[in-house]
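S.K.: Residue numbers (the numbering used here): -18 to 177.
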């Protein structure tokens, strides 16, 4: 898929949530899940190494594992939850709790960024409406792995989504606002592989 097709695919979530969320709130679902899916794909190749390293270090009674786990992931962030998008969907009855566990498993620096989305309330609303599985499944079906979507293209996808949110609100489509935390996240994602 090219970036336009990915944006259209992700924007298609709006069709699923339109009866539960107002147009101005679509971004509360789509933006955090786009970021989570990208992170899920970025960390996929090193997920097992991080979990193994965490178990080794905890077995030694070490408390501050952050630097070691970042090294194991190969990025400036990591996730220690046993979940990824596929495993989340495999346990549908506990999806909301497991998604929260997955988010809590991110490194402190990434959790700080994710908390800015105030996504916990959105998880509850999606779960109560019976939409959480459908929405998460849709995101699982888009491959945002860096081998398929490079960082500049991912930035373009994100900006296109923001443009669509502005258009949906009938705001000036030329006026884009990207929260500073999201800009920092995207920069971290772009530079994370350059640390070696």
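Ideal Cβ positions, reconstructed from N, Cα and C, are used throughout, including at glycine.
1. On the premise that residue 72 lies in contact with residue 79, defined as a C-beta separation below 8 Å, what is that separation, rounded to the nearest angstrom?
2. In three-state DSSP terms, what is residue 122?
3. Compute the Euclidean distance between the alpha carbons of residue 170 and residue 125, then round it to the nearest angstrom.
4. Is there contact between the region 25 to 33 and the region 50 to 65, where contact requires at least three CB pairs shorter than 8 Å?
5. For the structure I just gave you, are there three or more beta carbon pairs, one from the region 132 to 140 and one from the region 40 to 50, closer than 8 Å?
6. Run the CB neighbour count on residue 88, radius 10 Å, all protein chains shown included, and call it buried at 16 or more, exposed below.
7. Helix, strand or coil, according to DSSP, for residue 90 in the structure here?
8. Per DSSP, which residues does residue 60 bridge with? Please list them.
9. Hey, residue 165 and residue 116 are a contact pair by Cβ (cut 8 Å); roughly how many whole angstroms apart?
M.R.: This is what the structure gives:
1. With 8 Å as the limit, residue 79 and residue 72 qualify as a contact, their Cβ atoms being about 6 Å apart.
2. Here residue 122 sits in coil by DSSP.
3. Distance between the alpha carbons of residue 170 and residue 125 is about 12 Å.
4. With the cut-off at 8 Å, the region 25 to 33 and the region 50 to 65 touch.
5. Contact fails: fewer than three Cβ-Cβ distances are below 8 Å.
6. Residue burial annotation: residue 88 is buried, with at least 16 other C-beta atoms found within 10 angstroms of its C-beta.
7. Three-state result, residue 90: helix.
8. Bridge partners of residue 60: 87.
9. About 26 Å separates the beta carbons of residue 165 and residue 116, which is beyond the 8 Å limit, so they are not a contact pair.
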